[in-house]
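Here the structure comes first, spelled out in structure tokens, and everything after it is commentary.
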Amino acid sequence: MYCEVHGGDLCAECLSPASALPSFNLYRGSLLALLVGTAVALWLLVRPPGSGESGGTQIGIINITPTTIVTQEDVSTPTRERLTTRTPSAEETRTPRATATSAATPEPRTYVVQEGDTLVAIAEQFAPPGVGPLDYAEQIAAASGLSSIDEPITTGQTLVLP
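Our numbering puts the first residue of the sequence shown at 9, with every later residue one more than the last.
What follows is the structure in structure tokens.
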């Protein structure tokens, strides 16, 4: 090995451990960068939510406690008429008459609005499979006599769930 400063082979000064260490200024700069990084990290952790340049958007957590009122009504089973058939003669041809069957139409469900409920949150909870929450919220609004899904609802108000 060659010592460029002193010429010739490596001297004792070049081989001393102190010459292999970085300078004091490098240590000082590294320590300063570490302290600044720590201060920024702590500020980001303890700053109050909503401060900064987030545009004022805040997300709140809504606790929905649904109360459903289901009424049971008498469901009558349609009765069957017993038709007697006879073999018609060649001159006589009869067409079978249609019998009317009555299907019981189920009453729509109702929901009593709790404190903190929104129409979209109720729709998310009760939407049938394959129906989006916004579409179902519009259906609830129409069935309940609301003008739109943006119309405010009040605690204790009864909504019709189609």
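Yeah, the Cβ is synthetic: ideal placement off N, Cα and C, and Gly gets one too.
Status (buried if at least 16 other CB within 10 Å, exposed otherwise) for ALA49: The count along the sequence shown starts at 1 and reaches residue 49 at position 41. It is exposed - the Cβ of ALA49 has fewer than 16 other Cβ atoms within 10 Å.
Distance, Cα to Cα, GLY37 vs VAL44? As a first step, residue 37 is located in the sequence shown; it is residue number 29 there, counting from the start. As a first step, residue 44 is located in the sequence shown; it is residue number 36 there, counting from the start. Take the alpha-carbon of GLY37 and the one of VAL44: they are about 11 Å apart.
Distance, Cα to Cα, ASN33 vs PRO57? Taking the sequence shown and counting its residues from 1, the one referred to as residue 33 is at position 25. Taking the sequence shown and counting its residues from 1, the one referred to as residue 57 is at position 49. Spanning the two alpha carbons is a distance of roughly 38 Å.
Residues bridged to ARG117 (per DSSP): What you label residue 117 is simply residue 109 of the sequence shown in a count that begins at 1. Looking at the DSSP assignment, ARG117 forms a beta bridge with LEU169.
According to DSSP, simplified to helix, strand and coil, what is ASP17? What you label residue 17 is simply residue 9 of the sequence shown in a count that begins at 1. Three-state DSSP puts ASP17 in a strand.
Using the beta-carbon count (16 or more within 10 Å), is ALA41 buried or exposed? Within the sequence shown, residue 41 is the residue found at index 33, counting from 1. Residue burial annotation: ALA41 is exposed, with fewer than 16 other C-beta atoms found within 10 angstroms of its C-beta.
Nearest to THR162 by alpha carbon, out of VAL121, GLY140, VAL128? In the sequence shown, counting from the first residue as 1, residue 162 sits at position 154. Nearest option by C-alpha distance: VAL121.
Just the C-alpha distance for PHE134 and ALA145, rounded to the nearest angstrom, thanks. Walking along the sequence shown from the start, residue 134 turns up at place 126. Walking along the sequence shown from the start, residue 145 turns up at place 137. Looking at the two C-alpha atoms, the distance is approximately 10 Å.
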